[in-house]
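Asker: Following this message is one structure expressed as structure tokens.
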Amino acid sequence: EEIMAQEREYFDPALECMPREERKKYFDEKVRWIVSHAYERCPAMRDKLDGAGIRPSQIRTVKDLENIPVTTREDILRLQRESPPFGGLLAVPIERLSRITMAPGPLWDMLWGEQGEAGQRGLVRALYSAGIRKGDLVINTFSYHMSIAGPAMDDALRLMGAVVVPAGTGNTQLQVEAIRTLGVVGFCGTSSFLLVLVQKASEMGYNFREDFKLRNALVEGERLSPSLRKTIEEDYGISVTNGYGGAVFTCGAQECKEKSGMHIDEDIILEIVDPATGKQLGPGEEGEVVATNLKPELPIL
Numbered sequence: 033e034e035i036m037a038q039e040r041e042y043f044d045p046a047l048e049c050m051p052r053e054e055r056k057k058y059f060d061e062k063v064r065w066i067v068s069h070a071y072e073r074c075p076a077m078r079d080k081l082d083g084a085g086i087r088p089s090q091i092r093t094v095k096d097l098e099n100i101p102v103t104t105r106e107d108i109l110r111l112q113r114e115s116p117p118f119g120g121l122l123a124v125p126i127e128r129l130s131r132i133t134m135a136p137g138p139l140w141d142m143l144w145g146e147q148g149e150a151g152q153r154g155l156v157r158a159l160y161s162a163g164i165r166k167g168d169l170v171i172n173t174f175s176y177h178m179s180i181a182g183p184a185m186d187d188a189l190r191l192m193g194a195v196v197v198p199a200g201t202g203n204t205q206l207q208v209e210a211i212r213t214l215g216v217v218g219f220c221g222t223s224s225f226l227l228v229l230v231q232k233a234s235e236m237g238y239n240f241r242e243d244f245k246l247r248n249a250l251v252e253g254e255r256l257s258p259s260l261r262k263t264i265e266e267d268y269g270i271s272v273t274n275g276y277g278g279a280v281f282t283c284g285a286q287e288c289k290e291k292s293g294m295h296i297d298e299d300i301i302l303e304i305v306d307p308a309t310g311k312q313l314g315p316g317e318e319g320e321v322v323a324t325n326l327k328p329e330l331p332i333l
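Count along the sequence shown from 1, add 32, and you get the number used in my numbering.
Here it is as structure tokens:
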């Protein structure tokens with residue numbers, strides 16, 4: 033059974049392969065839960081809904097979310113300045129958190145003490161889509177210094193049973209030697225830093241395809257250009273899977289093996305809206321990404 037699990041195409045087939053109507057029902061149920069939870073537990077979200085004249089019972093579907101004014105990054109920063117440290121957005125006692133981190137702003141973010149099962153499932157699914165499996169040695173080059181990216185990825189890797197090399201950025205020559213000596217097979221980080229590492233390996237006289245076992249990479253944090261993907265995949269033999277994350281959600285979408293677009297994760301509600309009105313847009317229309325995360329500790333609508 034474990035061998036079969038290692039070979040299956042999807043980490044969680046029941047969630048990732050839901051039919052369209054079932055998926056709509058799933059997200060609508062999540063909307064009702066998160067709005068009620070945020071209203072009950074977060075003073076800032078309660079004030080937001082009260083100020084807009086909205087009762088939680090009025091928000092029944094994903095479509096209804098467009099009736100709630102968008103919470104901007106500037107709003108979060110203002111709330112945290114006015115009511116430090118979390119601006120009335122924290123829904124659990126602070127002692128139940130596992131980590132407190134910082135995003136540029138500064139914006140305080142955190143990892144839920146019980147987030148192993150709830151908060152990082154999206155990252156686990158993204159890692160699995162990238163070809164990373166239980167027992168794989170994976171180098172995590174996202175920052176661990178006051179940042180959510182490194183610790184969140186670290187937790188997801190350990191949750192799925194991978195072995196983590198917690199590298200962060202910098203020390204490129206040492207990282208190259210670690211990847212070669214340890215037999216690292218997976219990479220997490222930005223695509224530009226991955227290119228830096230493989231080019232450093234060539235500068236050090238190695239033939240990357242012959243001397244290294246690194247074959248799968250999950251990249252986030254910056255735009256992945258087609259030319260950069262082509263260079264990494266064709267010149268160095270590394271399959272690159274692109275993910276999409278942000279300050280208040282660690283993974284909102286990721287590619288599958290087809291690499292022809294992003295799949296929205298099941299633990300985030302993502303809308304594309306008109307930036308002027310906040311109204312949801314239809315397929316093919318360009319707008320602004322607005323996310324409502326489903327993290328019980330930080331339910332920002």
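By construction, the Cβ of each residue, glycine as well, lies at the ideal position given by its N, Cα and C atoms.
Quick check for students: name the residue ranges of the beta strand (DSSP E) that lie wholly in the stretch 162–200, counting only runs of 3 or more.
Answerer: Whole beta strand (DSSP E) segments, 3+ residues: 169–172, 195–198.
Asker: For C220, list the residues DSSP reports as bridge partners.
Answerer: The residue you call residue 220 lines up with position 188 of the sequence shown. In the DSSP output, where bridge partners are listed per residue, C220 has N172, L250.
Asker: Classify Y58 as helix, strand or coil using the three-state DSSP reduction.
Answerer: In the sequence shown, counting from the first residue as 1, residue 58 sits at position 26. Helix.
Asker: In whole angstroms, give me the CA-to-CA distance for I91 and A84.
Answerer: The residue you call residue 91 lines up with position 59 of the sequence shown. The residue you call residue 84 lines up with position 52 of the sequence shown. So the two alpha carbons sit approximately 12 Å from each other.
Asker: Apart from the five residues just before and just after T201, which ones in its own chain have a Cβ nearer than 7 Å to its Cβ?
Answerer: Taking the first residue of the sequence shown as 1, we reach residue 201 at position 169. For T201, where only same-chain residues beyond five positions count, the Cβ hits under 7 Å are T173, S175, F225.
Asker: If you draw a straight line from the alpha carbon of G148 to that of K232, how long is it in whole angstroms?
Answerer: Within the sequence shown, residue 148 is the residue found at index 116, counting from 1. Within the sequence shown, residue 232 is the residue found at index 200, counting from 1. Its pLDDT being 44, under 50, G148 is placed unreliably by the model, and the measurement read from it follows with that caveat. Those two C-alpha atoms are separated by around 34 Å.
Asker: Could you tell me the boundaries of the alpha helix (DSSP H) in which V208 lies?
Answerer: Position 176 of the sequence shown, counted from the first residue, corresponds to residue 208. Segment 204–214, the alpha helix (DSSP H) holding V208.
Asker: Just to confirm my understanding: we take A70, look at its own chain, exclude 5 residues before and 5 after, and list those with CB closer than 6 Å. What are they?
Answerer: Mapped onto the sequence shown, residue 70 falls at position 38. Excluding residues within five positions, the ones whose Cβ falls inside 6 Å are M77, P331, L333.
Asker: Put A233 into one of helix, strand or coil per three-state DSSP.
Answerer: What you label residue 233 is simply residue 201 of the sequence shown in a count that begins at 1. Looking at A233 - three-state DSSP - the assignment turns out to be helix.
Asker: Closest to E98 by C-alpha separation, out of G163, G119, Q286, L302, would be which residue?
Answerer: Looking up residue 98 in the sequence shown gives position 66. Checking every option, the nearest Cα to that of E98 belongs to L302.
Asker: Once DSSP output is grouped into helix, strand and coil, what is the label at T93?
Answerer: On the sequence shown, position 61 is the one that residue 93 refers to. T93: coil per DSSP, three-state reduction.
Asker: List, from N- to C-terminal side, the beta strand (DSSP E) runs of 3 residues or more that fit wholly inside the stretch 270–322.
Answerer: Entirely contained in the stretch 270–322, the beta strand (DSSP E) runs reaching 3 residues are, in chain order, 271–276, 300–305.
Asker: Using C-beta distances below 7 Å, list every residue in its chain close to K166, excluding the 5 sequence neighbours before and after it, in chain order.
Answerer: Walking along the sequence shown from the start, residue 166 turns up at place 134. Closer than 7 Å at Cβ, skipping near neighbours: Q38, M192, G193, A194.
Asker: For V321, which of G284, D299, S292, K327 has the nearest alpha-carbon?
Answerer: Your numbering for residue 321 matches position 289 in the sequence shown. Among G284, D299, S292, K327, the Cα nearest to that of V321 belongs to G284.
Asker: Run through DSSP, which three-state label would T104 get?
Answerer: Reading the sequence shown from its first residue, position 72 is the one you call residue 104. Residue state, collapsed to three classes: coil.
Asker: If you follow the alpha helix (DSSP H) that S115 is in, where does it begin and where does it stop?
Answerer: Translated into the one-based positions of the sequence shown, residue 115 becomes position 83. Run containing S115: none; DSSP gives neither H nor E here.
Asker: In angstroms, rounded to a whole number, what distance separates the CA positions of I35 and N274?
Answerer: Here residue 35 is taken as the residue at index 3 of the sequence shown, counted from 1. Here residue 274 is taken as the residue at index 242 of the sequence shown, counted from 1. The predicted model places I35 with a pLDDT of 41, which falls under 50 and marks its position as unreliable, so this point remains unresolved.
Asker: Are there 16 or more other CB atoms within 10 angstroms of the CB of L159, so buried, or fewer, so exposed?
Answerer: Start at 1 with the first residue of the sequence shown, and residue 159 comes out as number 127. So L159 counts as buried.
Asker: Might you give, ordered along the chain, the residues of its own chain that have their beta carbon closer than 6 Å to the beta carbon of E48, omitting 5 neighbours on each side?
Answerer: Here residue 48 refers to the residue found at position 16 of the sequence shown. Excluding residues within five positions, the ones whose Cβ falls inside 6 Å are Y42.
Asker: Tell me, which residues are paired with N99 by DSSP?
Answerer: Taking the first residue of the sequence shown as 1, we reach residue 99 at position 67. The partner list for N99 (beta bridge, DSSP) is empty, contrary to what the question assumes.
Asker: Between M50 and G316, what straight-line distance do the alpha-carbon atoms span, to the nearest angstrom?
Answerer: For the purposes of this step, residue 50 is identified with residue 18 of the sequence shown, where counting begins at 1. For the purposes of this step, residue 316 is identified with residue 284 of the sequence shown, where counting begins at 1. Straight-line Cα distance between these residues: approximately 22 Å.
Asker: Buried or exposed: L189, going by 16 or more other Cβ atoms within 10 Å of its Cβ?
Answerer: As a position in the sequence shown, residue 189 is number 157, starting the count at 1. Under this definition L189 is a buried residue.
Asker: Could you give the residue range of the alpha helix (DSSP H) that holds R261?
Answerer: In the sequence shown, counting from the first residue as 1, residue 261 sits at position 229. It spans 258–262 - the alpha helix (DSSP H) in which R261 sits, taken as one unbroken run.
Asker: Where DSSP assigns a beta bridge to N325, which residues make up the other side?
Answerer: By 1-based counting over the sequence shown, the position of residue 325 is 293. For N325, which the question treats as bridged, DSSP gives the partners I300.
Asker: Between which residues of its own chain and I66 is the CB-CB distance below 6 Å, once the five residues before and five after are set aside?
Answerer: Looking up residue 66 in the sequence shown gives position 34. Excluding residues within five positions, the ones whose Cβ falls inside 6 Å are L326, P331.
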